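Below is one structure; the comments refer to it alone.
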Amino acid sequence: MKLRHVLSGALLIVSASSVVHAQALTSITSLYVGYSTRKATAKPTGELKVQLDSVDRELGVATQQGRTSEVRRLLARGMTLLAGRAWTDVADFDESLLLRTDRVVVESQKPYAMRLEQLYAPAINLTRSLTAHATLTGRGGASGAAAQAVSVIKELGTFDGVSRDLRDSPQLLDFDLRGVPDGRYTVVVEVLDSARTLGSASLPILVRSGLDETVAQLESAAAKAPEALRAEILYPVDRMRNVNRGKLELRTFDATADFASAEKVVAAVKSGKDPFAGRTGDIKRHYLLKAANEIMPYRTYVPTTYKATVAAPLIIALHGLGGTEDAFFDGYGKKLPQLAEQSGYLIAAPLGYRVDGSYGWGVGSPPADVTTRRREEYSDADVMQVLAQMKQQYNIDVTRIYLLGHSMGAIGTWKLAAKYADVWAAIAPFSGQGAPSTVDRMKGIPNFVVHGDADPTVNVRGSRAMVEAMKALNMDVTYIEVPGGNHSAMVEPNLPGAVEFFNKRRKGGAK
């Protein structure tokens with residue numbers, strides 16, 4: 015499996031154009047984390063360590079120079095070596111291949127095209143002519159193990175005369191998807207010479223019939239709906255277009271659920287009802303993040319005991335790198351919603367603008383890179399806007415607003431605690447790290463900190479340093495260091511302790 019597909023686990027309405035966009039490649043940050051984690055776990059020695067040290071030196075130079083394609087190449091090389099395989103010219107060629115298209119959410123009745131390209135110029139010496147063979151693959155079967163079997167759904171064609179330099183001369187691939195049922199598939203393109211398979215590129219797509227009609231109906235309905243509900247109706251349209259433009263990975267878009275949810279809102283509006291009034295339980299919501307001009311999702315939990323006449327506590331939950339607003343609902347044993355129901359908490363989990371948004375830069379210096387700075391600025395804004403949405407929609411006890419997160423979400427928890435110290439009654443970072451110099455800004459905020467001492471992704475020293483700084487200020491801090499604990503397994507068993515910690519604390523120091 016290629017490195018760019020290893021880590022899979024973020025309102026400008028534009029018309030589809032002839033411009034070809036890249037699919038949303040796995041972020042450089044995610045690839046770095048995957049490589050660093052693998053290296054920390056493997057503890058390389060001898061010749062392997064020498065090779066990886068060389069990779070690391072080259073990575074430093076490529077990163078400093080902003081050569082992101084070379085960074086991806088070097089990370090792929092490092093991961094290949096860590097897997098016990100040699101980095102050959104064929105491996106180099108294979109990792110260079112990628113597919114680009116103007117859309118990955120596809121109307122099956124329309125012509126569809128991709129381009130086979132290269133991220134970088136591989137070192138391989140090609141002397142024979144090249145051919146590309148394309149197939150559409152998917153998971154067949156109705157249920158059980160058979161449903162997980164990947165099979166070829168359709169042969170998409172063989173293309174001769176493929177350039178040996180796909181950066182200079184990309185290969186246009188025209189596909190006929192007529193007759194393909196709605197669903198998720200993967201386009202796989204193998205590149206061969208007369209003697210061997212040299213490599214392949216793959217790209218997930220989503221096939222859905224009647225897209226244009228559905229979009230037109232939702233846009234028309236949104237124009238007639240109350241302003242507060244327009245984002246709920248337009249979300250799948252906006253998300254689809256941003257996925258097609260390569261801003262977000264396809265996995266962040268659940269077309270079936272998102273279109274169905276929007277259509278339910280439309281039906282409620284037509285009958286004169288508020289589709290969210292009085293609802294409890296697990297609810298997906300959406301709003302327009304004006305700074306980014308993009309509709310953002312957030313997931314909420316409203317306990318069955320909630321009454322609008324009684325102020326209720328709120329937990330804001332931040333996902334880790336590569337995760338989404340679904341992380342604390344579908345992951346960690348689905349424990350947090352259960353605890354919220356038991357103790358009467360509302361939960362709000364934002365996306366944080368992108369899966370690698372990082373939740374801003376806290377009280378530190380903003381990133382020098384403009385793109386990174388904008389992404390982190392919007393990530394911070396998304397969290398705080400979701401908090402504002404919850405205050406607007408529910409009776410929130412402002413003395414009992416809590417913040418927790420895992421990994422990148424824990425790092426974000428400490429950033430946002432320092433920046434908005436007057437908001438939080440207590441926080442709970444799991445497997446994080448922070449800047450000890452910022453601890454004095456949050457000295458009035460109780461901390462429940464959890465970290466595994468064998469964490470290969472975020473070193474436990476990060477939490478230890480923060481806790482040490484807190485203890486020096488006589489802060490209210492509970493620290494749980496799990497012997498042998500890894501990066502994620504210690505979250506679920508310690509969530510009850512975090513909620514119990516929250517139960518006893520409110521803003522102002524009262525317990």
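According to the numbering used here, the sequence shown is numbered sequentially starting from 15. We treat Cβ as the ideally placed atom computed from N, Cα and C, and that holds for glycine. From a predicted model like this one, the values you see are computed outputs, not experimental measurements.
Threshold first: 4 residues or longer. Then list the alpha helix (DSSP H) segments lying entirely within the stretch 268-344, N to C. 269-284 and 341-344
Starting from the Cα of Gly197, find the closest Cα among Gly175, Leu150, Arg181 and Phe462 and give me that residue. Here residue 197 corresponds to residue number 183 of the sequence shown, with the count starting at 1. It is Leu150 whose Cα lies nearest to the Cα of Gly197.
Do we get a CB-CB distance below 8 Å when we pair Ser214 with the residues of chain D? Checking the listed chains, one finds no chain D in this structure; it contains a single protein chain.
Select from Tyr392, Ala442, Arg255 and Ser477 the residue whose C-alpha is nearest the C-alpha of Leu509. Locating residue 509 in the sequence shown gives position 495, counting from the first residue. Of Tyr392, Ala442, Arg255 and Ser477, the residue nearest in Cα terms is Ala442.
Just how far apart, CA to CA, sit Asp370 and Phe189? Sequence index remark: in the sequence shown, residue 370 carries index 356 (1-based). Sequence index remark: in the sequence shown, residue 189 carries index 175 (1-based). When rounded, the distance between both Cα atoms is 33 Å.
Given 8 Å, three or more beta-carbon pairs between the stretch 363-378 and the stretch 334-341: yes
Measure the beta-carbon distance from Leu7 to Val176 and round it to whole angstroms, keeping in mind my assumption that it falls under 8 Å. The displayed coordinates of the chain run from 15 to 525. Any statement about residue 7 would go beyond what the structure contains.
Near Asp340, what residues of its chain come up, given a Cβ to Cβ distance below 7 Å and the 5 sequence neighbours on each side ignored? By one-based count along the sequence shown, residue 340 stands at place 326. Arg313, listed in sequence order.
Closest by CA to Glu506, which one among Ser379, Phe444, Phe267 and Lys429? Taking the first residue of the sequence shown as 1, we reach residue 506 at position 492. Here the closest residue by C-alpha is Phe444.
With a CB to CB cut of under 6 Å and the five nearest residues on each side skipped, what residues in its chain are close to His147? Within the sequence shown, residue 147 is the residue found at index 133, counting from 1. These residues qualify, in order along the chain: Thr172 and Glu204.
CB of Arg86 within 8 Å of CB of Leu113, strictly: Position 72 of the sequence shown holds residue 86. Position 99 of the sequence shown holds residue 113. Cβ atoms of Arg86 and Leu113: not closer than 8 Å.
Is it true that the CB of Pro364 sits closer than 8 Å to the CB of Val316? On the sequence shown, position 302 is the one that residue 316 refers to. On the sequence shown, position 350 is the one that residue 364 refers to. It is not a contact, given that the beta carbons lie outside the stated cut-off.
Best match in Tyr126, Leu243 and Leu140 for proximity to Ala209 [C-alpha to C-alpha]: If you number the sequence shown from 1, residue 209 lands on position 195. If we check each option's Cα against that of Ala209, Leu140 comes out closest.
What residues in its chain sit with their C-beta under 7 Å from that of Ala325, if we drop five residues either side in the sequence? Here residue 325 corresponds to residue number 311 of the sequence shown, with the count starting at 1. The answer, listed in chain order, is Asn409, Ile410 and Asp411.
Tyr373 and Gly295 closer than 8 Å at C-beta: As a first step, residue 373 is located in the sequence shown; it is residue number 359 there, counting from the start. As a first step, residue 295 is located in the sequence shown; it is residue number 281 there, counting from the start. In this structure, Gly295 does not lie closer than 8 Å to Tyr373 by Cβ.
Following the continuous beta strand (DSSP E) through Val203, name the residue where it begins and the one where it ends. Translated into the one-based positions of the sequence shown, residue 203 becomes position 189. Gly197 to Leu206 is the extent of the beta strand (DSSP E) around Val203.
Mind checking which residues open and close the alpha helix (DSSP H) that includes Ile42? Along the sequence shown, one-based indexing puts residue 42 at 28. Here the alpha helix (DSSP H) through Ile42 covers Ile42 to Ala56.
For Arg293, count neighbouring C-beta atoms within 10 Å of its own C-beta (all shown protein chains included) and say buried if the count is 16 or more, exposed if not. Position 279 of the sequence shown holds residue 293. By the 10 Å Cβ count, Arg293 comes out exposed.
Can you give me the Cβ contacts of Glu169 inside the same chain, cut-off strictly under 7 Å, excluding the 5 residues immediately before and after it? Mapped onto the sequence shown, residue 169 falls at position 155. Hits under 7 Å: Thr149.
Pair every Cβ in the stretch 351-358 with every Cβ in the stretch 301-310, then say whether three or more of these pairs are closer than 8 Å. no
Distance, Leu220 Cα to Leu180 Cα: As a first step, residue 180 must be located in the sequence shown, where it is residue number 166. As a first step, residue 220 must be located in the sequence shown, where it is residue number 206. Leu180 and Leu220: Cα-Cα distance of roughly 26 Å.
Using three-state DSSP, classify Tyr408 as helix, strand or coil. As a working mapping, residue 408 is identified with position 394 in the sequence shown. Here Tyr408 sits in coil by DSSP.
Taking buried to mean at least 16 other C-beta atoms within 10 Å of its own C-beta, is Thr115 buried or exposed? Looking up residue 115 in the sequence shown gives position 101. Buried, since its Cβ has 16 or more Cβ neighbours within 10 Å.
Are the CB atoms of Ile459 and Ala435 within a distance shorter than 8 Å? As a first step, residue 435 must be located in the sequence shown, where it is residue number 421. As a first step, residue 459 must be located in the sequence shown, where it is residue number 445. For Ala435 and Ile459, yes; Cβs fall inside 8 Å.
Quick check: the Cα distance between Leu89 and Ser502, rounded to an integer number of angstroms? On the sequence shown, residue 89 is found 75 positions in, with the first residue counted as 1. On the sequence shown, residue 502 is found 488 positions in, with the first residue counted as 1. Cα to Cα, the separation comes out at about 23 Å.
Please work out which residues of its chain come closer than 7 Å, Cβ to Cβ, to Val279, disregarding the five sequence neighbours upstream and downstream, and give them in chain order. Numbered from 1 along the sequence shown, position 265 holds the residue referred to as residue 279. Cβ neighbours of Val279 beyond the five flanking positions: Leu243, Glu246, Ile247 and Pro289.
Between which residues of its own chain and Asn517 is the CB-CB distance below 7 Å, once the five residues before and five after are set aside? Position 503 of the sequence shown, counted from the first residue, corresponds to residue 517. For Asn517, where only same-chain residues beyond five positions count, the Cβ hits under 7 Å are Ser357.
Give the secondary structure of Arg87 by DSSP, where H, G and I count as helix, E and B as strand, and everything else as coil. The residue given as residue 87 occupies position 73 in the sequence shown. Helix at Arg87.
Through-space distance from Tyr126 to Pro195, alpha-carbon basis: As a working note, residue 195 is residue 181 in the sequence shown. As a working note, residue 126 is residue 112 in the sequence shown. Looking at the two C-alpha atoms, the distance is approximately 15 Å.
Under 7 Å Cβ to Cβ from Thr51, same chain only, skipping five residues before and after it: list those, please. Position 37 of the sequence shown holds residue 51. So the list reads Pro470 and Thr471, once near-sequence residues are dropped.
When burial is assigned at 16 or more other CB atoms within 10 Å of the CB, is Met61 buried or exposed? For the purposes of this step, residue 61 is identified with residue 47 of the sequence shown, where counting begins at 1. Residue 61 is actually Glu in this sequence, not Met. Per the 10 Å Cβ criterion, exposed.
Give the single residue among Lys405, Ala432, Arg153 and Arg192 whose Cα lies nearest to the Cα of Ala322. Taking the first residue of the sequence shown as 1, we reach residue 322 at position 308. Nearest option by C-alpha distance: Lys405.
Please specify which runs of the beta strand (DSSP E), each continuous and at least 3 residues long, are wholly inside the stretch 459-515, giving them in chain order. 461-466 and 491-496
In or out: Val257 buried (at least 16 other Cβ within 10 Å) or exposed? Stepping through the sequence shown from its first residue, residue 257 is reached at position 243. The residue is buried, with at least 16 neighbouring Cβ atoms inside 10 Å.
Using a 10 Å radius around the Cβ and a threshold of 16 neighbouring Cβ atoms, would you call Lys429 buried or exposed? Here residue 429 corresponds to residue number 415 of the sequence shown, with the count starting at 1. When all chains shown are included, Lys429 counts as buried.
Going by beta carbon distance, what residues of the same chain come within less than 7 Å of Ala76, once the five residues before and after it are set aside? Here residue 76 corresponds to residue number 62 of the sequence shown, with the count starting at 1. Result list for Ala76: Glu84, Val85 and Leu88, in chain order.
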